[in-house]
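> Read top to bottom, the protein sequences are chains H and A.
For the first sequence, the numbering used here begins at 1371 and goes up steadily by one.
For the second sequence, the numbering used here begins at 1371 and goes up steadily by one.
Quick reminder that beta carbons are idealized off the backbone N, C-alpha and C, glycines included.
Just so you know, these numbers come straight off a predicted model, no measurement behind them.
There's a structure below that I have some questions on.
Number of protein chains: 2
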Amino acid sequence: MAATEKITIMDIARRTGLSKGTVDRVLHNRGEVSKKSYAKVMEAIQELGYEPNVFASLLAKGGKHLIAVLIPAHENGSFWELAASGIDKAAASVTTVGVDIVHFEYDQYDIDSFRKVAGKMLEAGPSGVVLAPMFQGETESLTEELQQRGIPYCFIDSKPDTNGYLAYFGMPLYKSGYLCADQLTGGRDVLSVLIIRVRRDRFRQSDPTVNRRAGFLDYMMENYPECRIDNVFIDPNDPEETEAALSTYFQTHPDVRHVVMFNSRIHLAVPYLQAHPDPQRRVVGFDNLKANMDALRNGTVSVLIGQRPDEQVNLAIQTLAEYAILGKLPPRKDHFMHMDILTSYNVEDY
Amino acid sequence: MAATEKITIMDIARRTGLSKGTVDRVLHNRGEVSKKSYAKVMEAIQELGYEPNVFASLLAKGGKHLIAVLIPAHENGSFWELAASGIDKAAASVTTVGVDIVHFEYDQYDIDSFRKVAGKMLEAGPSGVVLAPMFQGETESLTEELQQRGIPYCFIDSKPDTNGYLAYFGMPLYKSGYLCADQLTGGRDVLSVLIIRVRRDRFRQSDPTVNRRAGFLDYMMENYPECRIDNVFIDPNDPEETEAALSTYFQTHPDVRHVVMFNSRIHLAVPYLQAHPDPQRRVVGFDNLKANMDALRNGTVSVLIGQRPDEQVNLAIQTLAEYAILGKLPPRKDHFMHMDILTSYNVEDY
DNA sequence: TTGAATTCCGTGCACGGTAACGGAAATTAT
DNA sequence: ATAATTTCCGTTACCGTGCACGGAATTCAA
């Protein structure tokens, strides 16, 4: 039924005896208006409860915003591939409101590539940027540049200790370690746990697994202070070495039945684990990579903890789009995503 | 960078040597166009890849769509309160594109109230309707009416066996019973299980718990064929009777440590369970009602399985809005939501 | 007091599409 | 052949804002 009659810029022009041009000037406070007129207009806006018509506005100024997404290149089946998939989802909904999205990728092991791509990104003149902070120093200088240019930006996955960002979307890392420990032990007494770790990437300076491991260890300390915790390091690019490392470990520790990994690469351990099955074993990993989910289905992995990276970039893009188009600020800056528990029984509809 | 030059209705008018009026007529195929012109325009549209400008369109036809949500009244802390909260979320994003949402509530125990409210809803002349089917017959006649009037509608929560709906958003019910059983047993041998049930609502003809229970029982049959399964019925409006029923049951079956409930009301059992704690007990329920989540936090309930009812109505509304505004059909009709596993360790950020 | 410089404001076109209106062309009826 | 319809199409006035342009009113300089 007849919704509240929309009041337009003309209504408040008539009300104040001024012209729409003047009203428009105060709305976008771009000067050339006398104090008296300014006050009158503001008052009328209040009283009539004027709200601009987004369509007309966008139509008039020819829309076309651009949002840039700057994340590591997504090798097949990697974590960042999942994140990248959120771009398409967001694109589908924001292109209809005149927003384009450009995806910039860099090599997460190469600072120079980050610098270069960041430069290109700036040249594209975006109205907003989605960032995954990998290199601390570089991220800092980039965000400074963005701030100077007045370009809003959002962090996903993790965030530095700065404060100028528009919003952050990510998983509560420390808590995720806790949850992980709880899922691994399943309330049963546990005597020993194996943590599989990737040899530290030299360049990566912002590493989510640090906090996660801290949470995990705290949980274990509190609940199973006697539990022995072993670490095995593997090289992500060398399957044979991985196989050998695990093989060596389990030969000397055949009693260890709880295995965990704090990054998205539990699938690297799957070939060995699958070849040496143990119905009593419990394996917990992170992130819903295809390879990980397959391992869930075939029973090699017991539980995955997911954080919906695609939702993270989707939300970041939506937030930037709303800000760019309507100037709307998000209700809060930090958005901690729900941690999804995935088992073979609920992985299908994920 | 210079985005693809938007091609307008005028471009294709020039291209075909016709006027924009004619082009508009074929775009909305409202007749009064010769076959030859029609074909020419269609071809030009294809070739140039024309896409209408939503803003201009909405501006011209004065926007203002209305979407109606027809779900049971949300008594405090009920399942439907969660669903209703999705309305606000959706409202925030669609009002900016000129869509209003009206919320109609009926008494889920009173068919007449459904009829009355449905009538009122139709009078409001919505461009789309979100429905939770409760009364089979009534739902059927309502959807027929909607179909006749050409009003699209979406189901949430559950759906009847019809086919005219635009989309459905809900949990895979049978599977959720499976998941529930897996979470309840946690891979351990289980000898006996208690199912707490609500005495059948006489009127409710579409009951999600039926399928859920079927899935649960199948899982138990397959994995623990020896397990005894008991049922206790309670009256949702009589806490004392509930207390008594559980008390009686557990006095004669003190060994039963696995308790499950297939609707959203596990919180009804919480007072008893909390008063008679058992660290060995495992309790699984459904839906993230506040009372249920509290029980999760204090340890009375072990696991809740969530289906994001708010997301369901949110998505349903978004889908209807896109259809109403842009005529865009959803990629598929049936959308099965992910089943969230909630424990005390990941309930906070839900 | 007159001319120049400011300050302030109204006018009018553009944005891309919608739909009513009316008229030309083609068809049918008389 | 002419009138009466039908069919088909172009014209035009919006929808609500943004913004450039130019002019009136006011202030300042000479």
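Find out if the Cβ-Cβ distance for the pair Ile1457 (chain H), Val1683 (chain H) is shorter than 8 Å.
yes
> Could you check what DSSP says for Glu1475 (chain A) in three-state terms: helix, strand or coil?
strand
> Can you name, in chain order, every residue of its own chain whose Cβ lies under 6 Å from the Cβ of Asp1527 (chain A), other than the five neighbours on each side?
Ala1502 and Gly1540
> Using three-state DSSP, classify Leu1440 (chain H) as helix, strand or coil.
Strand, per DSSP.
> What do you reckon, are the CB atoms on Arg1667 (chain H) and Ser1634 (chain H) nearer than 8 Å?
no
> Once DSSP output is grouped into helix, strand and coil, what is the label at Leu1712 (chain H)?
strand
> For Phe1586 (chain A), which of helix, strand or coil comes out of DSSP?
Helix.
> CA-CA distance, Glu1611 (chain A) and Phe1525 (chain A)?
35 Å
> Can you pull the DSSP bridge partners for Ser1562 (chain A)?
A:Arg1598, per the DSSP bridge assignment.
> Have a look at Gly1655 (chain A) and Cys1597 (chain A) and give me their C-alpha separation to the nearest angstrom.
19 Å
> Which whole runs of the alpha helix (DSSP H) in the stretch 1499-1554 of chain A are 4 residues long or more, in chain order?
1506-1519
> Answer with buried or exposed for Ala1454 (chain A), where buried requires no fewer than 16 other C-beta atoms within 10 angstroms of its C-beta.
buried
> Give, in chain order, every residue of the stretch 1691-1713 of chain A whose Cβ lies closer than 7 Å to some Cβ of chain H.
Leu1696, Phe1706, Met1707, His1708, Met1709, Asp1710, Ile1711 and Thr1713
> Only counting runs of 3 or more residues, tell me where the beta strand (DSSP E) segments fall wholly within the stretch 1641-1667 of chain A, in order along the chain.
1652-1656, all fully within the stretch 1641-1667 of chain A.
> Taking Cβ-Cβ distances below 9 Å as the criterion, which residues of the stretch 1574-1588 of chain A are in contact with chain H?
none
> Can you look up Leu1674 (chain A) in the DSSP assignment and give me helix, strand or coil?
strand
> Among all the DSSP beta bridges, which residues are the ones paired with Phe1603 (chain H)?
H:Arg1567
> Can you name the residues of chain H whose CB is closer than 7 Å to the CB of Asp1552 (chain A)?
Thr1713 and Tyr1715
> Identify, in the order they occur along the chain, each residue of the same chain with its Cβ nearer than 6 Å to the Cβ of Ser1562 (chain H), setting aside the five sequence neighbours on each side.
In chain order, Arg1598 and Val1626 place their CB closer than 6 Å to the CB of Ser1562 (chain H), counting only its own chain and leaving out the 5 sequence neighbours on each side.
> Among H:Arg1702, H:Val1580 and H:Val1560, which residue has its Cα nearest to the Cα of Arg1569 (chain H)?
H:Val1580
> Taking only the alpha-carbon atoms, compute the straight-line gap between Met1371 (chain H) and Gly1495 (chain A) and give it to the nearest angstrom.
Low local confidence applies: a pLDDT of 30 at Met1371 (chain H) is under 50, so the model's placement there is unreliable, with the coordinate-based value given in what follows. C-alpha of Met1371 (chain H) to C-alpha of Gly1495 (chain A): approximately 7 Å in a straight line.
> How close, in whole Å, do the beta carbons of Ala1691 (chain H) and Val1464 (chain H) come, if the pair is a contact with beta carbons under 8 Å?
5 Å
> Need the endpoints of the beta strand (DSSP E) that Asp1704 (chain A) sits in, please.
Asp1704 to Phe1706
> Could you tell me whether the stretch 1411-1428 of chain A touches the stretch 1424-1432 of chain H, where touching means 3 or more Cβ pairs closer than 8 Å?
By the C-beta criterion, the stretch 1411-1428 of chain A is judged to be in contact with the stretch 1424-1432 of chain H, since at least 3 inter-stretch pairs fall below 8 Å.
> Does Gly1556 (chain H) come within less than 8 Å of chain A when only Cβ atoms are used?
yes
> Listing by chain order, which chain H residues have their CB less than 9 Å from the CB of Asp1549 (chain A)?
It should be pointed out that residue 1549 (chain A) corresponds to Leu in this sequence rather than to Asp. Under the 9 Å cutoff, chain H gives Thr1713, Tyr1715 and Asn1716.
> Is there a C-beta anywhere in chain A that falls below 8 Å from the one on Thr1466 (chain H)?
yes
> Terminal residues of the continuous alpha helix (DSSP H) containing Val1626 (chain A)?
Where Val1626 (chain A) is concerned, there is no enclosing alpha helix (DSSP H), given that its DSSP letter is neither H nor E.
> Please classify Gln1553 (chain H) as buried or exposed, where buried requires at least 16 other C-beta atoms within 10 Å of its C-beta.
Answer is buried; the Cβ neighbour count reaches 16.
> Whole-angstrom Cβ separation of Arg1385 (chain A) and Ala1414 (chain A), contact assumed at under 8 Å?
5 Å
> Can you tell me whether Lys1376 (chain H) is buried or exposed? The criterion is at least 16 other CB atoms within 10 Å of its CB, across all chains shown.
exposed
> For Glu1493 (chain H), count neighbouring C-beta atoms within 10 Å of its own C-beta (all shown protein chains included) and say buried if the count is 16 or more, exposed if not.
exposed
> Starting from the C-beta of Asp1394 (chain H), find all residues in its chain whose C-beta is less than 8 Å away, skip the five residues before and the five after it, and write them out in chain order.
Ile1379
> Quick check on Leu1674 (chain H) - is its C-beta less than 8 Å from some C-beta in chain A?
Answer no: the Cβ-Cβ gap between Leu1674 (chain H) and chain A never drops below 8 Å.
> Does Val1424 (chain H) have its Cβ less than 8 Å from a Cβ in chain A?
yes
> What's the C-alpha gap between Pro1624 (chain A) and Leu1616 (chain A)?
Distance between the alpha carbons of Pro1624 (chain A) and Leu1616 (chain A) is about 11 Å.
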